[in-house]
Amino acid sequence: MSDLKTNPDYYVARVDRLPTWGLSYAIIWAMGFSFFITLYDVINVGFALPYIPFVVTGFQASLVASLGLWGYVVGAPLFSYFADIIGRRPTLIFTALLTAIGSLGDALSVNYPMLAAFRFITGMAIGADLVLVMTYMSEMSPSAKRGRYTNLAFIGGWAGIGIGPFIAAIIVTSIPSIGWRIVFLVGAILAFLALAIRAYAPETVRFLASKGKFDEAEKIISSMEKVSMIRTSLTSLPEPDMRMYNVPKQNPFKILAKPKYLKRLLALFFLMFFVYFMDYPFLVIPETW
Numbered sequence: 008m009s010d011l012k013t014n015p016d017y018y019v020a021r022v023d024r025l026p027t028w029g030l031s032y033a034i035i036w037a038m039g040f041s042f043f044i045t046l047y048d049v050i051n052v053g054f055a056l057p058y059i060p061f062v063v064t065g066f067q068a069s070l071v072a073s074l075g076l077w078g079y080v081v082g083a084p085l086f087s088y089f090a091d092i093i094g095r096r097p098t099l100i101f102t103a104l105l106t107a108i109g110s111l112g113d114a115l116s117v118n119y120p121m122l123a124a125f126r127f128i129t130g131m132a133i134g135a136d137l138v139l140v141m142t143y144m145s146e147m148s149p150s151a152k153r154g155r156y157t158n159l160a161f162i163g164g165w166a167g168i169g170i171g172p173f174i175a176a177i178i179v180t181s182i183p184s185i186g187w188r189i190v191f192l193v194g195a196i197l198a199f200l201a202l203a204i205r206a207y208a209p210e211t212v213r214f215l216a217s218k219g220k221f222d223e224a225e226k227i228i229s230s231m232e233k234v235s236m237i238r239t240s241l242t243s244l245p246e247p248d249m250r251m252y253n254v255p256k257q258n259p260f261k262i263l264a265k266p267k268y269l270k271r272l273l274a275l276f277f278l279m280f281f282v283y284f285m286d287y288p289f290l291v292i293p294e295t296w
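In terms of my numbering, the sequence shown is residues 8 to 296.
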């Protein structure tokens, strides 16, 4: 048993055997805010641009709309790297804060360069958030229900794309002079709400165990086991199905260069390229006509 206590795979296996979600359900919805903010952010730019007095050309409007995507490209790998070093929880808290700062900066912008800079910052935070939320949900969900809880977080995104246009349209048409600022301010408020809830989220068991912080991992997984048993009215759990979860550390870019993974990478790259190529013009440009 003493050997198990220092084996990272033991703690991950205990997460996988859980019968249900072992943390507060508020954490799922806090993670879902990320997707709400993301798709709300995509929608609100298109509604806000026609009312921003210092965006006067089509090129300027297109650049502001696309800078968020370029922020995704930088933010996702950059903050994912930090999440592997300092942890998922602190990085998620920081990206929520950065999203709030970026959206607030959008709302307070007084000229085009300032707006462009804060759009890029917002994109960096959101791009990282999308990756980190999926990582967090995956690492804290039992294997049998991982897809279910991950998709619960996705619901927030679809709510954003469904509700966002109505929120933005009502605001900018009701208060044309400053409505565009309020549209961005709503995104900042949502990000601060997500930040407040994330502050109570624990670090993932997998990360703690991989860093040798076994006492902290034990404390969290024990609590998750108790909560999940109460929710499912169970008195015991099956033995952990031990597998080799932790693999030797490798340079991720070297892994992606291997033929097997390179083919998948290219397939996903072109898939997402054409999705965004059609998605963004459809969602952003019509509102600016």
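Glycine included, every Cβ here is placed at the ideal spot set by N, Cα and C.
Measuring C-alpha to C-alpha distances from I44 to each of A124, L25, F221, A132 identifies A132 as the nearest.
One thing to note: G82 has its Cβ within 9 Å of the Cβ of G134. For the segment 124-190, there is no continuous beta strand (DSSP E) assignment of 3+ residues that stays within its boundaries. Secondary structure of Q257 (DSSP, three-state): coil. Residue environment analysis places D136 among the buried positions, since at least 16 neighbouring C-beta atoms fall within 10 angstroms of its C-beta. Burial state of R155 is exposed, judged by a 10 Å Cβ sphere holding fewer than 16 other Cβ atoms. In this structure, DSSP gives K218 a state outside helix and strand, which the three-state scheme calls coil. By the Cβ rule, the segment 56-64 does not count as touching the segment 213-221, because fewer than three pairs are nearer than 8 Å. Here F86 is near V138, since their CB atoms are less than 9 Å apart. Under the three-state reduction of DSSP output, S243 falls in the coil class, being neither helix nor strand. The Cβ-Cβ distance between Y287 and L76 falls below 9 Å. Taking every protein chain shown into account, the CB of N258 has fewer than 16 other CB atoms within 10 angstroms, so this residue is exposed. Between T102 and the set D48, A114, G130, the nearest pair of CA atoms involves G130. If you check the CB distance, L200 and A37 come in under 9 Å. Look at S116 here: in three-state DSSP terms it is coil, with no helix or strand label.
Within the segment 77-117, complete alpha helix (DSSP H) segments of at least 4 residues are found at 95-115, given in chain order. Nearest to I170 by alpha-carbon distance, out of N51, L263, A224, is N51. DSSP places N14 outside both helix and strand once states are collapsed to three, so it counts as coil. Linking F289 to T239 through their CA atoms gives a straight-line distance of about 45 Å. Following the DSSP letters along the chain, one finds F42 inside the alpha helix (DSSP H) bounded by residues 32-55. If you draw a straight line from the Cα of S235 to the Cα of V193, it is about 35 Å long. When DSSP states are grouped into helix, strand and coil, F281 belongs to the helix group.
Taking C-beta atoms as the reference points, A55 and W187 count as a pair closer than 9 Å. Straight-line measurement puts the Cα of G78 at about 25 Å from the Cα of E146.
Short of 8 Å from the beta carbon of F66, and not among the five residues preceding or following it, lies no beta carbon of its own chain. The C-alpha of L159 lies about 15 Å from the C-alpha of I168. Here Y88 is exposed. Its C-beta has fewer than 16 other C-beta atoms within 10 Å.
DSSP places M121 within a helical segment (H, G or I) once states are collapsed to three. From the listed residues D91, P26, L122, the smallest Cα separation to A68 is found for L122.
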